[in-house]
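Chemist:
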Amino acid sequence: MYSKKPTYILIAAMADNRVIGNKWQLPWHLPEDLQNFKRLTTGGVIIMGRKTYESIGRPLPNRRNIVLSSQGIEKEGIEAFPTIPEMLGVLENEWIDKVFIIGWQKIYEEFLKMQLVDEVWLSKIPGHYEGDVFLAEFEKNFEKQKVEQFETFQFIRYRKKEHI
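Straight run, no breaks: the sequence shown in our numbering ends on number 166.
1. When the distance is taken between beta carbons, is residue 67 closer than 8 Å to residue 75?
2. State the beta-bridge partners of residue 27 as determined by DSSP.
3. Please report the residue range of the alpha helix (DSSP H) in which residue 89 lies.
4. I'd like the span of the beta strand (DSSP E) that includes residue 66, first residue to last.
5. Straight-line CA distance for residue 38 to residue 165?
6. Ordered along the chain, which non-local residues of its own chain (more than five positions away) have a Cβ less than 6 Å from that of residue 123?
7. Answer yes if the region 99 to 114 comes into contact with the region 12 to 27, meaning at least three C-beta pairs across the two stretches below 8 Å, and no otherwise.
8. Give the straight-line distance between the Cα atoms of residue 69 and residue 62, rounded to the nearest whole angstrom.
9. Does the beta-carbon of residue 54 have 16 or more other beta-carbons within 10 angstroms, so that it is buried, or is it exposed?
10. Looking at the unbroken beta strand (DSSP E) that takes in residue 161, where does it start and where does it end?
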């Protein structure tokens, strides 16, 4: 067993009104954000829920795709786990630097509730969008570390506050 726990990073794109999705799609089309997501996650481990996987329709290339689902999925290119603790039992016995939690709402909420998220990497999309999927408030437990301004969005990195 390895002594180094991976860094769990919640990565999301969110509008000013906390919308992250609408009818299993992103309510905006920002190629610059998608390119940034690809650049950051390529070569890494990504975790998503079954519905997110189904909305994408395939494993994301050049990444280790993990799907959390109680329904037992068997598809080429993905690893499926019924629960977060079972997945943690596997990942934390391997040498992995970063694990990206790519959503959506239920998966984000579970990882936040279990206090497993070490960092939040957020693409802040200007404007208000219609949506049915929202990102829960996380800011009180995280502190802003870095802000990058892109042409179409702002990319903000947060780190979990150290509680004394």
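Virtual Cβ for every residue (Gly too), placed ideally from N, Cα, C.
The model shown is predicted, which means the values in this text are computed figures rather than measured ones.
Modeler: The answer reads as follows:
1. no
2. 24
3. 86 to 93
4. 66 to 70
5. 31 Å
6. 11, 13, 159
7. yes
8. 11 Å
9. buried
10. 156 to 162
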